[in-house]
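Sequence lines, in order, name chains G and F.
In terms of numbering that gives the first Met the number 0, the first sequence opens at residue 0 and continues consecutively.
In terms of numbering that gives the first Met the number 0, the second sequence opens at residue 0 and continues consecutively.
There are 2 protein chains.
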Amino acid sequence: MRFFERLERRIESTGSVLCVGLDPDLDRLPEHLHEHDLPRRAWGRRIVDATHEHAAAYKPNAAFYEDPDGWRALEETIAYAHGKDVPVVLDAKRGDVGHTARQYARLLDDASLGADAITVSPYLGRDSLEPFLSRTGKGVFVLCRTSNPGGADLQDRELAGGERLYERVARLAGEWNERGNVGLVVGATAETELERTRELAPDLPFLVPGVGTQGGDAAAAVEHGLAGGVGLVNASRSIVFAGEGSDEAFAKAAGAAAKRLERRLNEHR
Amino acid sequence: MRFFERLERRIESTGSVLCVGLDPDLDRLPEHLHEHDLPRRAWGRRIVDATHEHAAAYKPNAAFYEDPDGWRALEETIAYAHGKDVPVVLDAKRGDVGHTARQYARLLDDASLGADAITVSPYLGRDSLEPFLSRTGKGVFVLCRTSNPGGADLQDRELAGGERLYERVARLAGEWNERGNVGLVVGATAETELERTRELAPDLPFLVPGVGTQGGDAAAAVEHGLAGGVGLVNASRSIVFAGEGSDEAFAKAAGAAAKRLERRLNEHR
Numbered sequence: 000m001r002f003f004e005r006l007e008r009r010i011e012s013t014g015s016v017l018c019v020g021l022d023p024d025l026d027r028l029p030e031h032l033h034e035h036d037l038p039r040r041a042w043g044r045r046i047v048d049a050t051h052e053h054a055a056a057y058k059p060n061a062a063f064y065e066d067p068d069g070w071r072a073l074e075e076t077i078a079y080a081h082g083k084d085v086p087v088v089l090d091a092k093r094g095d096v097g098h099t100a101r102q103y104a105r106l107l108d109d110a111s112l113g114a115d116a117i118t119v120s121p122y123l124g125r126d127s128l129e130p131f132l133s134r135t136g137k138g139v140f141v142l143c144r145t146s147n148p149g150g151a152d153l154q155d156r157e158l159a160g161g162e163r164l165y166e167r168v169a170r171l172a173g174e175w176n177e178r179g180n181v182g183l184v185v186g187a188t189a190e191t192e193l194e195r196t197r198e199l200a201p202d203l204p205f206l207v208p209g210v211g212t213q214g215g216d217a218a219a220a221v222e223h224g225l226a227g228g229v230g231l232v233n234a235s236r237s238i239v240f241a242g243e244g245s246d247e248a249f250a251k252a253a254g255a256a257a258k259r260l261e262r263r264l265n266e267h268r
Numbered sequence: 000m001r002f003f004e005r006l007e008r009r010i011e012s013t014g015s016v017l018c019v020g021l022d023p024d025l026d027r028l029p030e031h032l033h034e035h036d037l038p039r040r041a042w043g044r045r046i047v048d049a050t051h052e053h054a055a056a057y058k059p060n061a062a063f064y065e066d067p068d069g070w071r072a073l074e075e076t077i078a079y080a081h082g083k084d085v086p087v088v089l090d091a092k093r094g095d096v097g098h099t100a101r102q103y104a105r106l107l108d109d110a111s112l113g114a115d116a117i118t119v120s121p122y123l124g125r126d127s128l129e130p131f132l133s134r135t136g137k138g139v140f141v142l143c144r145t146s147n148p149g150g151a152d153l154q155d156r157e158l159a160g161g162e163r164l165y166e167r168v169a170r171l172a173g174e175w176n177e178r179g180n181v182g183l184v185v186g187a188t189a190e191t192e193l194e195r196t197r198e199l200a201p202d203l204p205f206l207v208p209g210v211g212t213q214g215g216d217a218a219a220a221v222e223h224g225l226a227g228g229v230g231l232v233n234a235s236r237s238i239v240f241a242g243e244g245s246d247e248a249f250a251k252a253a254g255a256a257a258k259r260l261e262r263r264l265n266e267h268r
């Protein structure tokens, strides 16, 4: 099954478009988890147990797993999410030339992480994305307009002809979508750009970060993020660290936060 | 000592501007190394032993180390290169928002990989690079004009006012260089753009890939890649896999290939 079909079924079965971002910052994990062999694996399992009924997908953030133990924890967290039948988007934002891109794309294979989708950067152009795109069962979310202030530095630059760079990326992503597996990453904090991107790429599902800690608008994220009902609105820290400081109760707090945000998003669907 | 000072001393002591790229594709490592606990570590040590006299720097490619064993091999390969007093540029092309960027920047810290410099993507703008830039002892090579065909898709787009996107990145990188630790990645395969980037960023050292397997021009790489004699011309597969198929002799072949390319580059210095 193709990624966006699988995601559509998951959204139907859970009634949720919430993507739960997994950012296991070792400095913020509950104290008692550090007794485990792999604290991030133990943390991930508890977070998945507590939130999966509200999660259309998980989005582990590669940055927080980049060491030997972390990579093992990442592998096993993805497997555990799959055990709960939740698709996984690896937030890696990779983008590189030819043979290196082919190597990065292997992260999607079962012999490696087996993620269902990945975030990628468009700066190196079409051929840098082809190894990801050619894995037709997998989803490829291309960075378009990001949720940070510096997103404007290049992405909002006006091109000759009047189009902005992120608009160009949105249009190109439509061309790159020959196999129906392309989505866009568009931050909820840039509402005008989110609406504009939806106009330019009417058929692409978006992954919309920024509605939690970053303060983006949930209504706009839902209104513009979904294409035919398919898309993801992501929150990470505002869910997984909702119970920070409460030690044993952290997972329960994460579950409650996921449920609240799921409901808030559903008010706008 | 700042990265580019350290690099300058290394270039002086070796008489080489060659950067040896480490792409340990497991499918291409000599058969006998697979008997080792960590084949990529064993491979890296032998390559470093054979090439370090000709190497101004090493550039391990993160893509080829992204699994639990790989991450250990990467840590130890960097440490081994440091044991030979060779600076290490981690080729990671990372670029992400706020707290994720801060996490990725930790790759430069001794508690993590302890790389001396890193390659980053500019697509997310200044604030996404700040955590790297603020590590003032480390070098930050910003992707500008890449060596792949698709590099033109976005990087060559003309902005309103006539400037191309990669030219804008080159100018911005000059602004981002407040602490003297910014360099640019500019491929040798795009010679016109390489020359133009040098005009726009006269003081920034370049990391110039593409002179090996990709067929870029060595003369142009040296002519435009160095700023005050400081910069790096990279070759990866054409050196480290020069002895592919020769099993035990692979390292000797890599050493000979590094020496040849060092000499060829020095003809143009």
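Every residue gets a Cβ at the ideal spot worked out from N, C-alpha and C, and that includes glycine.
Everything numeric in this text was worked out from a predicted model, so none of it was measured.
Three-state secondary structure assigned by DSSP to residue i
i, result
"F:TYR122", "coil"
"G:GLY150", "helix"
"F:PHE240", "coil"
"F:GLY254", "helix"
"G:GLY14", "coil"
"G:ALA172", "helix"
"G:PRO54", "As written in the sequence, residue 54 of chain G is Ala, which differs from the Pro given in the question. Reduced to three states, the DSSP call for G:ALA54 is coil."
"F:THR191", "helix"
"F:ASP26", "helix"
"F:GLU65", "coil"
"F:SER127", "helix"
"G:LEU37", "coil"
"F:THR196", "helix"
"F:GLY43", "helix"
"G:ASP48", "helix"
"F:GLU7", "helix"
"F:HIS267", "coil"
"G:ARG1", "coil"
"G:ASP216", "coil"
"G:ASP274", "Outside the modelled stretch of chain G, which goes from 0 to 268, sits residue 274 of chain G, for which no answer is possible."
"G:ARG134", "coil"
Best match in the options for proximity to residue i [C-alpha to C-alpha]
i, options, result
"G:LYS83", "G:ARG9, G:ARG144, G:LYS258", "G:ARG9"
"F:ASP115", "F:PHE3, F:ARG71, F:GLY254", "F:PHE3"
"G:ASN147", "F:ASN265, F:HIS81, F:ALA61, F:ASP95", "F:ASP95"
"G:ASP277", "F:TYR57, F:HIS98, F:HIS223", "Because residue 277 of chain G is not part of the residues shown, which for chain G are 0 to 268, the question remains open."
"G:ALA54", "G:LEU6, G:LEU37, G:ARG71, G:GLY227", "G:LEU6"
"F:TRP175", "F:LEU73, F:VAL207, F:PRO130, F:LEU153", "F:PRO130"
"F:LEU132", "F:LEU112, F:ARG101, F:ASP155", "F:ARG101"
"G:LYS137", "G:LEU158, G:VAL239, G:ALA41, G:LEU89", "G:LEU89"
"F:GLY254", "F:HIS33, F:ASP22, F:ILE238, F:SER127", "F:ILE238"
"G:LYS58", "G:GLU198, G:LYS92, G:GLN154", "G:LYS92"
"G:MET0", "G:ALA226, G:GLY124, G:ARG178", "G:ARG178"
"F:ARG268", "F:SER245, F:LEU260, F:LYS258, F:GLU222", "F:GLU222"
"G:ARG156", "F:TYR122, F:CYS18, F:ASP126", "F:TYR122"
"F:ASP36", "F:GLU198, F:GLY173, F:ALA72, F:ALA56", "F:ALA72"
"F:GLY227", "F:ALA241, F:ASP24, F:ARG197, F:GLN213", "F:ARG197"
"F:HIS31", "F:SER127, F:GLY244, F:CYS18", "F:GLY244"
Residues sharing a beta bridge with residue i, DSSP
i, result
"G:ARG163", "G:GLU157"
"F:PRO59", "F:LEU21"
"G:ARG144", "G:VAL185"
"F:VAL207", "F:VAL232"
"G:VAL139", "G:ILE117, G:VAL181"
"F:ALA226", "F:VAL229"
Minimum length 3: unbroken beta strand (DSSP E) runs contained in the region 77–116 of chain F: DSSP runs (the beta strand (DSSP E)) wholly in the region 77–116 of chain F: 88–93.
Cβ contact check for the region 101–115 of chain G and the region 59–78 of chain F: 3 or more pairs under 8 Å: Flag = yes, the region 101–115 of chain G and the region 59–78 of chain F touch.
Cβ pair count under 8 Å reaching 3, the region 215–234 of chain F against the region 183–199 of chain F: yes
Inter-stretch contact (C-beta, 8 Å, three-pair minimum) for the region 136–154 of chain F and the region 162–177 of chain F: Because the criterion of three Cβ pairs below 8 Å is met, the region 136–154 of chain F and the region 162–177 of chain F touch.
Three CB pairs or more closer than 8 Å across the region 241–253 of chain F and the region 47–62 of chain F: Taking 8 Å as the limit for Cβ pairs, the verdict is that the region 47–62 of chain F does touch the region 241–253 of chain F.
At least 3 beta-carbon pairs within less than 8 Å: the region 155–164 of chain F vs the region 200–209 of chain F: With a cut-off of 8 Å, the region 200–209 of chain F and the region 155–164 of chain F do not count as touching, because too few Cβ pairs lie within range.
Contact the region 217–225 of chain G vs the region 252–267 of chain G: 3+ CB pairs below 8 Å: yes
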